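Okay, structure first, notes after.
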Amino acid sequence: MKFMGDYPLRGQTELDAVCTILKVRGRGREPREGVPRSEPAPLPQLCAEHEVLRDEVYCQIVKQITDNTSSKTDSCQKGWRLLYILAAYYKCSEVLRPFLLAFLQDAGGRPALPFQGMSKACEQNLRKTLQFGGRSLFPSSMELKAMVAGRSAKRQLFLLPGGIERHLKIKTCSVALEVIEELCSEMGLQRPEAFDEYIIFVVTERGQGVRPLTRREYILDVATETERLDAGYTFWCRRAVWSQPLKFDNELYVTVHYNQVLPDYLKGLFNVLPPARAGEQHFQQAAKLAALQHRAKDGRCPPTAREVQDYVPPQLFRLLKAQSWLHMVTQHMQQAQALSAHQARAQFLELQQQHHRLALPPGRQPERPQLPQQGDPPAAGAGSASATLTASPPGAHRQVLPEGDPVDADAAAHGQLQLPLCGDRAGRPALAGHHPAAAGAGTGTGTDGLPGDCKRLVYF
Numbered sequence: 055m056k057f058m059g060d061y062p063l064r065g066q067t068e069l070d071a072v073c074t075i076l077k078v079r080g081r082g083r084e085p086r087e088g089v090p091r092s093e094p095a096p097l098p099q100l101c102a103e104h105e106v107l108r109d110e111v112y113c114q115i116v117k118q119i120t121d122n123t124s125s126k127t128d129s130c131q132k133g134w135r136l137l138y139i140l141a142a143y144y145k146c147s148e149v150l151r152p153f154l155l156a157f158l159q160d161a162g163g164r165p166a167l168p169f170q171g172m173s174k175a176c177e178q179n180l181r182k183t184l185q186f187g188g189r190s191l192f193p194s195s196m197e198l199k200a201m202v203a204g205r206s207a208k209r210q211l212f213l214l215p216g217g218i219e220r221h222l223k224i225k226t227c228s229v230a231l232e233v234i235e236e237l238c239s240e241m242g243l244q245r246p247e248a249f250d251e252y253i254i255f256v257v258t259e260r261g262q263g264v265r266p267l268t269r270r271e272y273i274l275d276v277a278t279e280t281e282r283l284d285a286g287y288t289f290w291c292r293r294a295v296w297s298q299p300l301k302f303d304n305e306l307y308v309t310v311h312y313n314q315v316l317p318d319y320l321k322g323l324f325n326v327l328p329p330a331r332a333g334e335q336h337f338q339q340a341a342k343l344a345a346l347q348h349r350a351k352d353g354r355c356p357p358t359a360r361e362v363q364d365y366v367p368p369q370l371f372r373l374l375k376a377q378s379w380l381h382m383v384t385q386h387m388q389q390a391q392a393l394s395a396h397q398a399r400a401q402f403l404e405l406q407q408q409h410h411r412l413a414l415p416p417g418r419q420p421e422r423p424q425l426p427q428q429g430d431p432p433a434a435g436a437g438s439a440s441a442t443l444t445a446s447p448p449g450a451h452r453q454v455l456p457e458g459d460p461v462d463a464d465a466a467a468h469g470q471l472q473l474p475l476c477g478d479r480a481g482r483p484a485l486a487g488h489h490p491a492a493a494g495a496g497t498g499t500g501t502d503g504l505p506g507d508c509k510r511l512v513y514f
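Letter by letter, the sequence shown follows residues 55 to 514 of this note's numbering.
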């Protein structure tokens, strides 16, 4: 009632009233070791400390917003906002659950009611809390102020291979699984088994710290926790499992996969034969792929000798003279010039799939450990000639991991996973500006540095 304005605050603020109800210390996970707290640790009270009071708090809020007769014009509105916040953090009991959901569904099904939209949002929060366990970290002061003011979403930057930027609308209860589904939808993927092959990572310390998110982690919890360590953190989405065949009818899909495959091809990770056994067929294949790379950059003129060197894996390039490579690539450019940049990228991927069957999943670095596994079952087709990965990452096949379970017991191992980030943020040597991988190899790619507006995003 203090928060709704029906009872004197007595020196407190509205935020203080919410904090008194919401205190979350003692549930969920604490900040990681070595991560400084940006705010004092809240004292455990009410819902966080006393589970039996959660139903009571829910009932009291519902009572206050039902036939509200307060003289305060915004009393009922504030009550709905408080219910929205509470539903994002705490479950109600199984006894109260059907009645609370029925109340929210009834309020959301009446267009004439002034808070129809808010009631639907409260129902969504409650259902996600029942499914995923609820938010586990106390919100940042900025997020809490935004929720109290009725602003419950913000635009969050997610980066795809090659630095392609996507700003997604992240709500209070958005989880990693929803982000993957939305990004996959943009790439024309609708089947659940396709979603299983992608993972969200949070990257800190200019690419040196990499942590994969489980499917049930709340994006704003991760953002709150990570910002204490590195305000310049970024979220990345990357394909981690390659059991589904490639498709070529969506330009974003082709560009993303081209950007992820290309750096590993140029490192020679797809060469299954030792250099000593490479013959004319392999040289011509590499020359054709080089021509496609040049066309993927919208190159119409024949490439220079320096560009050709950048297009061919060094293990192969050193077996022939530079002029020989230039001559072969120039010959293949005659056919490549008839293609669009999108068609060139698609043909590059198709050739990789046909000739190498993507035997090494892009992103798997022999000199660095792969994404840690926890004894997950082999992916479909493992052990066959076309199998690419022998294990699925946590959360694959729409598996929802238990609340609070770590991705891997060895947290330090996450920092060893190498991602194809941009330039000096990549955790690998920066590429020359003329290099196809550095150029993003397609439209919509970002630059080496992040835009200034990506650091601070405004709630709305």
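Each residue gets a CB set at the ideal place from its N, CA and C atoms; glycine is no exception.
In this text, all values refer to a predicted model and were calculated from it rather than measured experimentally.
Here A376 is near A359, since their CB atoms are less than 9 Å apart. For K223, the enclosing beta strand (DSSP E) has its first and last residue at 218-225.
In the DSSP assignment, F371 falls within the unbroken alpha helix (DSSP H) covering 368-371. For G263, the enclosing beta strand (DSSP E) starts and ends at 263-266. L136 carries a helical assignment under DSSP once its states are collapsed to helix, strand and coil. In chain order, F302, V308 place their CB closer than 6 Å to the CB of A400, counting only its own chain and leaving out the 5 sequence neighbours on each side.
Counting the other Cβ atoms within 10 Å of the Cβ of H381 gives fewer than 16, which makes it exposed. Counting C-beta pairs closer than 8 Å gives three or more between the region 277-297 and the region 251-263, which meets the contact rule. With a cutoff of 9 Å on beta-carbon distance, A395 and L370 are scored as not near each other.
Taking all protein chains in view, the Cβ of G187 is crowded by 16 or more other Cβ atoms within 10 Å, so the residue is classified as buried. Around the CB of E197, 16 or more other CB atoms lie within 10 Å, so the residue is classed as buried. W290 is bridged by DSSP to L213, F255.
Per the Cβ contact rule, the region 148-157 is in contact with the region 108-125 (3 or more Cβ pairs under 8 Å).
For R220, the closest of L76, L237, K208, S206 by C-alpha to C-alpha distance is L237. Taking C-alpha positions only, Q339 is separated from V362 by approximately 14 Å. Spanning the alpha carbons of L346 and V229 requires a straight line of approximately 38 Å. The DSSP-derived three-state label of K208 is strand. Contact annotation, L320 with F402: C-beta distance approximately 12 Å; criterion of less than 8 Å not satisfied.
In this structure, DSSP gives Y112 a helical state, which the three-state scheme calls helix. Under DSSP, V229 forms a beta bridge with Y272. For the pair H311 and P246, the CB atoms are not nearer than the 9 Å cut-off. With a cutoff of 9 Å on beta-carbon distance, L222 and E279 are scored as not near each other. Annotated as distal: G242 and Q131, with beta-carbon spacing of 9 Å or more. Straight-line measurement puts the Cα of C73 at about 20 Å from the Cα of K225. If you check the CB distance, F169 and I119 come in under 9 Å. In summary, G163 is exposed, with fewer than 16 beta-carbon neighbours lying within 10 Å of its beta-carbon over all protein chains present. For V366, the closest C-alpha among the options E404, A341, S378 is that of A341.
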